[in-house]
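*Asks:* Quick one: this structure, given as structure tokens, is what I'll be asking you about.
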DNA sequence: TAACTCTGTAAGTGTTGACTTACGCTCTAT
DNA sequence: ATAGAGCGTAAGTCAACACTTACAGAGTTA
């Protein structure tokens, strides 16, 4: 149920802003907080939630704590979402009771 | 920003339970509420949130209102998640290929 | 040692939101 | 027209949570 925590973590806009600041690479807590409209302790609390959800990882460098995106949490959510595709399309096909010309939206497999 | 609403919608466990009840196909509100530990009006409110997030669609059949999974909301969230993969992998590759030892004790100048 | 930097946590507050019951509306059948 | 089934909404309550300031701990520098 790790995707549950990840969904909760990504639901909050401020926490998403924290998360998106790591797109370009690892950042220290203070650098993440700079430019955000919330205090640094608030960012620390958000990072804790993201870390528990396997969305970020952390490592120290001196007194600074760097955070980076962890794809484990992202993969958990993605797999959960993908599990609906076959069900939803199958249900739609059963509802239409007609021959669908072609498979509409199968996703391409990706390495992780 | 429709993925924001979808993430909020999927973050709540009860709402996910409502959503997952539509895996096998469309269901009426009363049938969805049966077996769930919350009241039928609560399910109606959850369905409204899911509908606003493009996660479900609805249609009438007599006095009954049927809900079914809408892949639009799912696709929005999936695309949002996928947008991190290149960034996260690129950032990791940049970190691995760069001269890491040089950056060991570097202190970045900060305002404030 | 002391001083400084950087971060996490404790404690408290205000708001959001998930839930309840009660009510009203629409549709169908008698 | 009346009754009943099915559903959405209004109003209110209560716990969860996102935020703040204050403090404490770990690490580095002089």
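Residue numbers (this note's numbering), protein chains in the order written: chain U, 35 to 146; chain D, 35 to 146.
The C-beta atom is built at its ideal place from N, Cα and C for all residues, glycine as well.
(1) For residue 136 (chain D), which residues of its own chain have a beta-carbon under 6 Å away from its beta-carbon, when the five flanking residues on both sides are left out?
(2) So which residues on chain U does residue 45 (chain D) lean against when the C-beta distance must stay under 9 Å?
(3) The beta strand (DSSP E) that contains residue 77 (chain D), what's its start and end?
(4) Relative to the ligand FAD, is the shortest distance from any of its heavy atoms to the C-beta of residue 51 (chain U) smaller than 8 Å?
(5) Just to check my reading of the structure: residue 88 (chain U) and residue 104 (chain U) have Cβ atoms closer than 8 Å, yes? What is that Cβ distance to the nearest angstrom?
(6) Got a sec: which bits of the segment 81–115 of chain D sit with their beta carbon under 7 Å from any beta carbon on chain U, in order along the chain?
(7) For a cutoff of 9 Å on Cβ pairs, would you count residue 50 (chain D) as touching chain U?
(8) I need the boundaries of the alpha helix (DSSP H) containing residue 36 (chain D), first residue and last residue.
(9) Quick check on DSSP: helix, strand or coil for residue 110 (chain D)?
(10) Could you check whether residue 56 (chain D) and residue 90 (chain D) sit closer than 9 Å to each other, using their CB atoms as the reference points?
(11) Less than 9 Å between CB atoms is the rule here; does residue 74 (chain D) satisfy it with respect to chain U?
(12) Please report the straight-line C-alpha distance between residue 94 (chain U) and residue 94 (chain D), rounded to a whole angstrom.
*Replies:* Let's see:
(1) Per-residue confidence for residue 136 (chain D) stands at a pLDDT of 29, beneath the threshold of 50, marking its modelled position as unreliable; no derived number is given.
(2) In chain order: 38, 41, 42, 43, 44, 45 and 46.
(3) Where residue 77 (chain D) is concerned, there is no enclosing beta strand (DSSP E), although the alpha helix (DSSP H) around it starts and stops at 74–86.
(4) The ligand content of the structure shown is nil, which means the ligand FAD is not present either.
(5) The pair is a contact, with the Cβ atoms about 5 Å apart (cut-off 8 Å).
(6) For the segment 81–115 of chain D, which is checked against every Cβ of chain U, the residues closer than 7 Å are 102, 103, 105, 108, 111, 112 and 115.
(7) Flagged as an interface residue toward chain U: residue 50 (chain D), by a C-beta distance shorter than 9 Å.
(8) Per DSSP, the continuous alpha helix (DSSP H) segment holding residue 36 (chain D) begins and ends at 36–45.
(9) Residue 110 (chain D) carries a helical assignment under DSSP once its states are collapsed to helix, strand and coil.
(10) Cβ atoms of residue 90 (chain D) and residue 56 (chain D): closer than 9 Å.
(11) Answer no: the Cβ-Cβ gap between residue 74 (chain D) and chain U never drops below 9 Å.
(12) Cα to Cα, residue 94 (chain U) sits roughly 57 Å from residue 94 (chain D).
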